[in-house]
Amino acid sequence: MAWIRSVLHLLWMAITVIPWTIGVVLVSFVASRASAWWVAVNWFRVVMWGTRVILGVRMEVQGYENLPLGKASAAVLLSKHQSTLETLWLPTIMPHPLAFVFKRELLKIPFFGWSMARLDMIHINRESRTVAMKHVIEQGKRLLGQGTWVMMFPEGTRMPRGEEGTYQTAGTRLAVESGAPVVPIAVATARCWPKQGFVKHPGVVRVSIGPLMESTGRDPKALMREAQAWIEAEMRRIDPEAYS
């Protein structure tokens with residue numbers, strides 16, 4: 018049954034992404050980046066409806082009150098990365114447009130990549146870390162100044178359930194240089210939607226948004242250590258079975 022549900026959900030995503038991609042591309046030519054973003058978010062909501070109804074996966078969020086308030090607020094979101102699920106769901110609960118930092122190869126994905134190319138995100142070439150870091154900071158500061166929050170996965174790739182990767186400091190460097198606070202996020206998405214494996218499993222996925230970490234006058238490495246400590250401790254709280 019889980020395999021059948023997974024096939025149906027994949028078909029649901031494939032069928033719905035085509036009209037929404039066309040909508041995002043068309044809107045991006047005549048309206049603001051923010052307008053195109055909210056069109057894209059509507060597709061994420063459609064996908065999450067299918068995730069709940071078809072796959073039987075429910076999402077629970079804690080700490081929403083920790084997000085900055087106000088249209089002019091800025092934030093660098095640093096999230097644990099376990100699966101595709103958080104990239105689809107987190108935008109649906111955020112009050113600001115987001116700009117993901119992602120590898121340039123994703124732009125080649127038909128329809129999905131085409132719409133991402135029109136949303137003014139931060140795509141990097143991971144072969145050169147120095148160039149990538151400079152690009153993240155330059156583009157991130159520009160987007161933060163426009164009211165867009167920057168979403169980064171500091172481990173750089175999806176991590177299997179119960180494992181911890183190496184946290185890179187690009188996100189905290191951006192936060193320190195821009196003055197934007199860091200918001201750490203713990204996600205236990207691999208419990209139902211694993212990193213590898215086509216089959217998804219019904220259940221409850223818990224997401225926890227941590228308290229703001231001010232960046233002014235901070236050392237990027239120390240700030241990242243603080244964010245990492247909170248995320249990894251929180252992962253053990255929201256998904257204790259993975260760390261037993």
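Going by this note's numbering, the first residue of the sequence shown is number 18, and it counts up by one from there. Think of the CB as a built atom: it goes at the ideal place given N, C-alpha and C, for glycine as much as any other residue.
Best match in the options for proximity to residue i [C-alpha to C-alpha]
{"i": "Met252", "options": "Arg121, Arg208 and Glu194", "result": "Arg208"}
{"i": "Val200", "options": "Trp20, Pro85, Val42 and Phe128", "result": "Pro85"}
{"i": "Glu262", "options": "Leu28, Val204, Gly67 and Ser232", "result": "Residue 262 is absent from the structure shown; the chain starts at 18 and stops at 261."}
{"i": "Val44", "options": "Arg135, Val118 and Ile202", "result": "Arg135"}
{"i": "Gly188", "options": "Glu243, Thr206 and Arg75", "result": "Glu243"}
{"i": "Val221", "options": "Leu160, Thr68, Met76 and Gly234", "result": "Met76"}
{"i": "Ala91", "options": "Phe128, Pro228 and Leu161", "result": "Leu161"}
{"i": "Ala259", "options": "Gly234, Gly157, Thr206 and Trp166", "result": "Thr206"}
{"i": "Trp106", "options": "Val64, Gln185, Ile139 and Ile71", "result": "Val64"}
Per-residue burial, residue i [other beta carbons within 10 Å of its own, 16 or more giving buried]
{"i": "Gln99", "result": "buried"}
{"i": "Gln213", "result": "exposed"}
{"i": "Pro108", "result": "buried"}
{"i": "Asp137", "result": "buried"}
{"i": "Arg7", "result": "Because the chain here runs from 18 to 261, residue 7 falls outside it and cannot be looked at."}
{"i": "Gly227", "result": "buried"}
{"i": "Trp66", "result": "exposed"}
Cα-Cα separation between residue i and residue j, rounded to whole angstroms
{"i": "Ala197", "j": "Met18", "result": "45 Å"}
{"i": "Thr147", "j": "Leu191", "result": "14 Å"}
{"i": "Val78", "j": "Val47", "result": "35 Å"}
{"i": "Lys97", "j": "Glu172", "result": "7 Å"}
{"i": "Thr186", "j": "Pro237", "result": "6 Å"}
Element boundaries [beta strand (DSSP E), containing residue i]
{"i": "Ala79", "result": "It should be pointed out that residue 79 corresponds to Gln in this sequence rather than to Ala. Val74 to Gln79 is the extent of the beta strand (DSSP E) around Gln79."}
{"i": "Val148", "result": "Premise fails: Val148 lies in the alpha helix (DSSP H), Arg146 to Gly162, not in any beta strand (DSSP E)."}
{"i": "Val116", "result": "Here residue 116 turns out to be Ala, not Val, going by the sequence shown. Residues Leu115 to Lys120."}
N-terminal and C-terminal residue of the alpha helix (DSSP H) that residue i is part of
{"i": "Leu25", "result": "Ala19 to Val47"}
{"i": "Pro201", "result": "No alpha helix (DSSP H) holds Pro201; the beta strand (DSSP E) holding it covers Val199 to Val204."}
{"i": "Ala133", "result": "The sequence shown places Met at residue 133, rather than the Ala named in the question. Met133 -> alpha helix (DSSP H) spans Phe129 to Ala134."}
Requested in this report: Determine contact between the region 48–57 and the region 110–117, defined as no fewer than three beta-carbon pairs at a distance below 8 Å.
Outcome: yes
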